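Going by UniProt numbering, the first residue of the sequence shown is number 1, and it counts up by one from there.
Note that the Cβ used here is the ideal one computed from N, Cα and C, for glycine as well.
As the structure is a computational prediction, the values presented were derived from the model and not from experiment.
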Amino acid sequence: MSIQRFETGPRMSQVVVHGDTVYLAGVVASNAAGESVTKQTQDILKTIDGHLAKAGTDKSKLLSATIYITDMKTFQEMNAVWDGWVSPGNTPARATVEAKLAAPQYTVEIMVIAAK
């Protein structure tokens with residue numbers, strides 16, 4: 001089976017497609033760094049939509065999601081955006097973890113796996 005990679009750099013690829021499975025690297029809010037959890041989550045989900053489209057799929061085919069937030073007190077704020085975005089009836093398996101992220105301007109990071 002072939003492997004396709006998109007936005008590949010020396011450390012990682014943003015998108016990897018193997019067979020009928022699409023793996024996304026963790027996505028942070030590059031256009032909303034330092035802004036509210038709501039704005040960062042909106043920016044991240046827009047980026048995820050774009051990555052999935054490049055790979056020939058969409059959010060209705062999500063299999064799993066891992067969400068990292070820097071403060072569990074913002075869980076409901078992030079969920080308000082997520083719940084409005086996720087495809088009804090097609091919700092993925094999901095985990096949300098409180099974690100220290102690589103750069104302090106980011107408060108949310110989301111990584112997903114989808115079917116093609």
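Euclidean distance between Cα positions of residue i and residue j
{"i": "Pro-88", "j": "Pro-10", "result": "37 angstroms"}
{"i": "Gly-19", "j": "Asp-83", "result": "29 angstroms"}
{"i": "Lys-100", "j": "Ile-110", "result": "13 angstroms"}
Limits of the unbroken alpha helix (DSSP H) element including residue i
{"i": "Ala-32", "result": "Unbroken run through Ala-32: none, as it is neither H nor E."}
DSSP bridge partner residues for residue i (one or two, in chain order)
{"i": "Ile-44", "result": "According to DSSP, which records beta bridges pairwise, Ile-44 is partnered with nothing at all."}
{"i": "Thr-96", "result": "Ile-67"}
Among the options, nearest to residue i - alpha-carbon criterion
{"i": "Ala-95", "options": "Leu-24, Gln-40, Lys-46, Tyr-68", "result": "Tyr-68"}
{"i": "Asn-79", "options": "Gly-26, Gln-40, Ser-13", "result": "Gln-40"}
{"i": "Thr-107", "options": "Thr-21, Asp-58, Val-28, His-51", "result": "Val-28"}
{"i": "Met-1", "options": "Glu-7, Met-12, Thr-8, Val-17", "result": "Val-17"}
Buried or exposed (CB count within 10 angstroms, at least 16 for buried), residue i
{"i": "Ile-44", "result": "buried"}
Residue range of the beta strand (DSSP E) that includes residue i
{"i": "Val-17", "result": "13-18"}
{"i": "Gln-76", "result": "Run containing Gln-76: none in the beta strand (DSSP E); it sits in the alpha helix (DSSP H), 75-85."}
{"i": "Met-111", "result": "108-115"}
{"i": "Thr-21", "result": "21-24"}
{"i": "Gln-4", "result": "3-8"}
{"i": "Gly-65", "result": "Looking at the sequence provided, one finds Ala at residue 65 rather than Gly. From DSSP, the beta strand (DSSP E) with Ala-65 extends over 62-69."}
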